[in-house]
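Student: In terms of the working numbering, the sequence shown is residues 90 to 189. Every residue, glycine too, gets a C-beta built ideally from N, C-alpha and C. For reference, the structure I am asking about is given below.
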Amino acid sequence: CNWCSYAGADLAGVSRVQYPPNVRILRVMCSGRVEMGHIVRALEMGADGVLVTGCHIGDCHYISGNEQAERNIAATKEALKPLGMDGRVHLEWISAAEGQ
């Protein structure tokens with residue numbers, strides 16, 4: 090999410106919070122735009138896991154994008170369950186002030 094989570098990641102960088110060098114942050118305008126195909130493609134390309142972050146419920150810049158993200162991630166996890174890969178996908182709500 091460009092409006093909350095990415096700003097939180099930016100704050101973490103300014104605060105010199107360290108994360109592993111193999112972590113890649115991809116900026117999207119809204120977490121609700123992340124679809125199953127994006128996540129599956131990341132896993133196919135060798136990602137150990139995918140963490141989708143968005144605004145807290147009620148704080149979405151696009152009103153209900155985070156609710157759409159919740160539905161998309163639930164559907165993705167359900168589809169990955171028979172492969173035992175559902176635990177490799179997570180959704181977290183992060184505000185711009187939570188960059189620690």
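#1: Measuring only the C-alpha atoms, how far is residue 102 from residue 125?
#2: Run through the region 113-160 for me and flag every whole alpha helix (DSSP H) of 4 or more residues, listed as ranges in chain order.
#3: Starting from residue 178, follow the beta strand (DSSP E) in both directions and report where the run begins and ends.
#4: For residue 107, count the other beta carbons within 10 Å of its own beta carbon; 16 or more makes it buried, fewer makes it exposed. Which is it?
#5: Where does residue 223 sit, in a helix, a strand or coil, going by DSSP?
Tutor: Working from what's here:
#1: 28 Å
#2: 125-133
#3: 178-182
#4: exposed
#5: Because the chain in this structure spans residues 90 to 189, residue 223 falls outside the shown range and cannot be described.
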